[in-house]
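Residue numbers (my numbering): 224 to 485.
Backbone N, C-alpha and C fix where the C-beta goes; we use that ideal spot for every residue, glycine too.
The block underneath contains the structure these notes are about, expressed in structure tokens.
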Amino acid sequence: MINFLPSMRKKIVAGNWKMNLTREAGTILISEVVNMVHDEVNSHVQVVLCMPFPYLGFAKKLFQSRANIAMGAQNCHEKPLGAYTGEVSAPILRSFDVDYVIIGHSERRQYFKESDEQLSEKVQQVLANHMTPIFCCGESLDMRQNGDYIGFVKQQLTKVLFHLSAEDFSKVVIAYEPIWAIGTGITASAEQAQEMHAALRGHIAAHYGATIANRITLLYGGSCNAKNASELFACPDVDGGLIGGASLKSREFVNVCKSLPV
Ligand code: PGA
């Protein structure tokens with residue numbers, strides 16, 4: 224038994240608001256989600272709300288100390304401090320009680336040209352500051368149709384994560400988000416999600432061993448909503464979801480959280 228591992232695989236539903244919702248609407252959404260999660264969602268499901276930076280200064284107060292709701296950011300800089308105007312570091316996030324940080328979302332890779340090397344530094348910064356990285360990976364439509372899409376996503380893990388010690392790696396949450404499914408309304412089928420998740424778990428097992436591979440949380444993301452979540456979350460290697468559009472309405476998001484079997 225490896226003593227730093229949790230006894231069970233963590234089940235997580237994380238909402239990724241992206242660059243949406245101004246203060247009033249966002250505050251109402253947080254309060255509604257907090258109350259509904261308390262009343263309706265099994266306490267073994269970890270709910271994470273990844274909000275734009277300004278919310279992180281006050282959102283935690285609205286969580287009413289609920290143990291299964293955590294606060295997440297959507298990015299951080301790869302350096303711990305310095306002259307990087309407009310950026311936010313991992314130590315700053317931690318000092319505002321942030322628990323999770325999304326790293327390597329495909330929108331950041333595409334629009335902000337984030338490289339694997341940068342992402343690898345960001346993951347280390349998040350871990351060094353005692354937060355959990357939600358590391359995103361996933362292939363483009365062209366790669367899915369014409370390439371070795373499974374090999375491509377495995378490589379993303381190898382390049383960004385596999386230099387970590389076993390202990391550090393076991394603290395990372397991985398989100399498989401096929402780019403062709405993000406914000407398109409075209410979700411991966413349960414078979415497609417399970418195929419990739421099983422392949423990634425096997426890839427992790429080959430590098431870190433089966434015990435660690437079995438405890439790692441693998442989320443699915445990409446047009447996941449209250450209608451399709453049950454089928455996706457029923458897959459044996461899908462441990463929850465990273466939810467974009469469907470996290471912007473409290474009823475819809477909480478229904479996604481309730482779809483996760485525990
Ligand atoms: P979507 O986004 O649910 O709106 O497709 C998911 C994500 O990008 O994290």
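**Report entry** Assumed close pair residue 463, residue 440 - CB separation to whole angstroms, cut-off 8 Å
**Finding:** Contact between residue 463 and residue 440 holds: CB atoms are separated by about 7 Å, below the 8 Å threshold.
Query raised in the report: Cβ of residue 326 within 8 Å of Cβ of residue 311?
Result: Judged by their CB atoms, residue 326 and residue 311 are not nearer to each other than the 8 Å cut-off.
Query raised in the report: For residue 404, is the beta carbon positioned less than 7 Å from some heavy atom of the ligand PGA?
Result: If you check the C-beta of residue 404 against the ligand PGA, you find a heavy atom less than 7 Å away.
Requested in this report: Identify whether residue 402 lies in helix, strand or coil by the three-state DSSP scheme.
Outcome: In this structure, residue 402 counts as helix in the three-state DSSP scheme.
Query raised in the report: How about residue 271 and residue 260: are their beta carbons less than 8 Å apart?
Result: It is not a contact, given that the beta carbons lie outside the stated cut-off.
Query raised in the report: Just to confirm, are residue 225 and residue 434 a CB contact at a threshold of 8 Å?
Result: It is a contact, given that the beta carbons lie within the stated cut-off.
Query raised in the report: Where does residue 299 fall in DSSP's three states?
Result: DSSP places residue 299 in coil when its eight states are reduced to three.
Report task. Indicate the three-state DSSP secondary structure (helix, strand or coil) for residue 308 in the structure shown. Result -> When secondary structure is reduced to three states using DSSP, residue 308 falls in the coil class, being assigned neither helix nor strand.
Query raised in the report: Does the distance from the CB of residue 362 to the CB of residue 303 come in under 8 Å?
Result: Not in contact: residue 362 and residue 303 (Cβ atoms no closer than 8 Å).
**Report entry** Proximity winner among 292, 473, 399, relative to residue 329 (alpha-carbon distances)
**Finding:** Of all alpha-carbon atoms in 292, 473, 399, the one lying nearest the alpha-carbon of residue 329 is that of 399.
Query raised in the report: If you follow the beta strand (DSSP E) that residue 234 is part of, which residue opens it and which one closes it?
Result: For residue 234, the enclosing beta strand (DSSP E) covers residues 234-239.
Query raised in the report: With a CB to CB cut of under 6 Å and the five nearest residues on each side skipped, what residues in its chain are close to residue 364?
Result: Counting only Cβ-Cβ distances below 6 Å, and skipping sequence neighbours, we find 403.
Report task. Please report the residue range of the alpha helix (DSSP H) in which residue 249 lies. Result -> Residues 246-263.
Query raised in the report: Using DSSP with H/G/I as helix, E/B as strand and the rest coil, what is residue 290?
Result: In the structure shown, residue 290 adopts coil according to DSSP, grouped into three states.
Query raised in the report: Got a sec? Which residues, its chain only, sit under 6 Å from residue 449 by beta carbon, not counting five neighbours each side?
Result: Answer for residue 449: 475, 478, 479, listed in chain order.
Query - Coarse secondary structure for residue 395, derived from DSSP in three states - result: In the structure shown, residue 395 sits in coil (DSSP, three-state: anything other than H, G, I, E or B).
**Report entry** Whole beta strand (DSSP E) elements within the segment 404-452, 3-residue minimum
**Finding:** Listed in chain order, the complete beta strand (DSSP E) runs (minimum 3 residues) inside the segment 404-452 are 441-444.
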